[in-house]
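Going letter by letter, the sequence shown gives residues -21 to -1, 1 to 715 in mature numbering (1 follows the signal peptide of the UniProt record, and there is no 0).
C-beta atoms are modelled at their ideal positions from N, C-alpha and C, and glycine is treated no differently.
These notes concern the structure reproduced below.
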Amino acid sequence: MVGFFTAGHLVCLYLYQSTYAQAFLPSGTLWPRSVTGVLPAAGGNCSSSSTSYDLILNMEHDWPVYVNPGILFLLYIAVAIVVKMGCPEEHKAEAEPQKRGSGGRGVQEEEVELESWRASRRDSEDDTKVSAGTAGETPASEPDRPGDPADITSSQQDGGSRGAPTGQDGDNPFQVVGRLVLEQSYVCALIAMMVWSITYHSWLTFVLLLWSCLIWMLRARRRFAMLCSPFILLYGVTLCGLQYVWALDLKNELPQTWGTLSLRQLGLSHDSHPCLRLGAMLLYTLTFWLLLRESVKDGFGRKKSSAAPLLEVTSGESSEQKRSILQALGRTVMSCYAKYWIYVCGGMFIMVSFAGKLVGYKIVYMLLFLLCLCLYQVYYSLWRRLLKPFWWLVVAYTMLVLTAIYTFQFEDFPDYWKNFTGFSEEQLADIGLETFELSELFVSILIPGFFLLACILQLHYFHHRFMKITDLEHVTPVPRGRSARKAEAAQAGNGAGLEEENLDDDLGDYQSEDGEAVPSKWGLVMDRLMVLFWKFTKILTQFQVFLWRVMEFHIVKILAFFVVWVALGEPSVMNLVLVVLWTFAMPYSRFRHMASCLSTVWVCIIIVCKMLYQLSVVNPTEYSRNCSAPLLNETNLEEGEILNSTLYREPVDPANWFGFRKDATALGYSQNHLLLLMLLVLEATVYRHQTHHYRQLQKSPPRPPPSSPTPPETPWTRACSAPSSTCSTTSSTSSA
């Protein structure tokens, strides 16, 4: 049907290029302009006295008019190829009953021959698997034969497709990746909903933004996305249909307003090149279709699994090994995400706060971030209790910011905000409520949108694991197993015995129960790579332990040096407080923890004040003062020195003495204090990490050598050294 319609469209387009058709249906009328969609791209000139016919190209149209015939021709070719590929199967299906009636014997012999070839192929594959396995395997571990009951049941379920692999062992890696992408198709659909709403700003697409954000906030977001997939697809198709109608050349026929509401605010407008907009919308709708397809597939899969009979499943040793390797890899990846994803969220805090123009809602983001860091530094147990409500607060605030920025772009909303708040346009711009161009709007909404996703992932997937990792009260001790005994034997000089033990283990891995070695080159290579990997992991772990130990000794000196460096680079009254704190903290170790906490709070105050000073409502010229220059007989300075002094050269801003000034980039202006804050947080992290490390090993911190400086005594080190007698007793008992 599509082929016939495309062919008719091409024929109409070709016939309309003649002068007779253009005279019969002028191009300005309704039918050629909007209904049939054919326009005169070329015309003829037969008024010449010569017998030749001149073909004149009409250059008044836009480029989509000239591209349209080529795209139609490609569509016709594609449809013809699809029809041609589908015809032989249909003819074969129609001819099978006739062949069975006339020559059923020959067809049956062909089917028997094909089945025997498939069976022999499976036998050869089974022989290959047996030769690659161990010599001690019994025939019971071999794959099922065609005559087994399990094979008959699986062939009935497959609907006759016996040649296809029935398990996942025969899957291509690309198929596995493709299946994984399709299983996570809801992620693509939700991101497409957000991008669609940002790219084409309207009230109708605002529904998509709210819809996607609400689904993102749910824990079972995949299940709810699957449930909403028919409605999401229907809504997307409706938007495409409405946009297609308004893309027609019907400017005079279609309405432009609906009561007092302009239809442009609903996204119903005629663009210069509507094909580009429709193409992007169809690409977004494609992700909705994939989501619906995956939802239907999951529904049929659950029904099929519930209706299928219980069968005895025998999995080989190789499949179990693959599954265990994948599970170990998954646990490793999830533990890495649980440890380090919070750093991604912290980086996103800084990105959201300092990206683009500095406004009020970004300062609130930074204020939330600084409050979190202050609690982490000062009151760790309270920080752990409030961390989950903190993430929910950030998610709710981000939703509020997205909604406010998006709705402020509509025509009447700036006036609504002015009347509701009583603020001027400049004050609303300082808050962050201003009208943007499309590119600026895309950045202003996309960055908070991705920050929302990062916070939701941390909240739903990694928060529970992170709380277990950072729990200093309930530390799981490391068992002193075989690896610890090997390490003690190696330290005692029993290197030869250790090598013999490893050699016996390696030989035992490659020998069967009968003592016959199985030649498997790839197995040897993989095991050798695994040995090298574990050696590298061991070296990396030892280096990390050494690095943490070095940081435990020297982090205070690094921190004090950086405080002095920041104070000298930016002399001010605010930085003088930091210098005074660390002047008393360095000689008195008991004062260092208090100095770290007070410095963290003070640096956070400095950063917030610097950000507030960059707002346009702060005008230094209103309170700057001119200092009267003294006479030459009243000072020892020369006239040139007086004129070049900052006191008499220009009006003096008193905030400069406190370290606040206007700057072009807020991030560059505040980066020194941000780095100082990161060092203060790193100091607390180092001590808490070492506390966790020593409790995990069930021992007290080792004494430093006499030539090395002792680490500062802090609440973290005292908490670690408190159960030292218990830890030492436990370690001595376990070693005995």
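Here DSSP, grouped into helix, strand and coil, assigns Arg569 to helix. By the neighbour-count definition (other C-beta atoms within 10 Å, threshold 16), Ile537 is an exposed residue. Only residues of its own chain outside the window of five on either side were considered, and among them Phe203 have a CB closer than 6 Å to the CB of Leu197, listed in chain order. When the five nearest sequence neighbours on each side are left out, the beta carbons in the same chain lying within less than 8 Å of the beta carbon of Val374 are those of Met196, Leu431, Cys434, Ile435 and Leu438, in order along the chain. Thr236 carries a strand assignment under DSSP once its states are collapsed to helix, strand and coil. Within 10 angstroms of the beta-carbon of His572 lie 16 or more other beta-carbons, which makes it buried. In the structure shown, Ser241 adopts extended strand secondary structure according to DSSP, grouped into three states. The C-beta separation of Leu183 from Leu218 comes to about 6 Å, placing the pair in contact by the 8 Å criterion. At a cut-off of 4 residues, the continuous stretches assigned as alpha helix (DSSP H) that sit fully inside the region 360 to 407 are 392 to 400.
In this structure, DSSP gives Val454 a state outside helix and strand, which the three-state scheme calls coil.
A distance of 8 Å or more separates the beta carbons of Tyr358 and Phe185. In the three-state DSSP reduction, Arg198 falls in the coil class, being neither helix nor strand. Within the DSSP secondary-structure output, Arg604 pairs in a beta bridge with Val631.
Residue environment for His252: exposed (fewer than 16 other C-beta atoms within 10 angstroms of its C-beta). Taking a 10 Å sphere around the C-beta of Asp391, we find fewer than 16 other C-beta atoms and assign the residue as exposed. Val665 and Lys447 have their alpha carbons spaced roughly 18 Å apart. In the DSSP assignment, Glu419 falls within the unbroken alpha helix (DSSP H) covering Leu417 to Leu436.
Annotation for Pro209: Leu271 place their beta carbon closer than 7 Å to its own, counting only its chain and skipping 5 residues before and after.
Taking C-alpha positions only, Asp394 is separated from Leu247 by approximately 23 Å. Scanning Gly220, Leu425 and Gly411 for the CA closest to the CA of Leu417 turns up Leu425. Here the alpha carbons of Cys324 and Arg243 stand approximately 37 Å from one another. In this structure the region 630 to 640 does not lie against the region 503 to 522, because fewer than three pairs of beta carbons, one per stretch, are closer than 8 Å.
Burial of Gln669 is indicated by the presence of at least 16 other C-beta atoms within 10 angstroms of its C-beta.
Residue range Ala645 to Leu676 is occupied by the alpha helix (DSSP H) that includes Glu662.
Leu51 is positioned such that its CB atom lies no closer than 8 Å to that of Leu(-7).
The count of Cβ pairs closer than 8 Å, one atom from the region 253 to 265 and one from the region 223 to 237, reaches three, so the stretches are in contact. Under the criterion of beta carbons closer than 8 Å, Met172 and Ser191 qualify as touching, at roughly 4 Å. Lys341 counts as buried, since no fewer than 16 other beta carbons sit within 10 angstroms of its beta carbon. Relative to Gln(-5), the option among Pro680, Met509, Tyr45 and Ser568 whose CA is nearest is Tyr45.
With three or more CB-CB distances shorter than 8 Å, the region 585 to 596 counts as touching the region 636 to 655. Between Leu655 and Val582, the CB-CB gap stays under 8 Å. Where Val(-20) is concerned, the enclosing alpha helix (DSSP H) starts and stops at Val(-20) to Leu(-7). The residue among Leu508, Ser284 and Val454 with its C-alpha nearest the C-alpha of Gln675 is Val454.
Taking one beta carbon from each stretch, the region 272 to 283 and the region 228 to 237 have fewer than 3 pairs nearer than 8 Å; the two do not touch. Here Ser551 is near Phe637, since their CB atoms are less than 8 Å apart. Within the model, the alpha-carbon separation for Ile211 versus Met(-21) is close to 28 Å.
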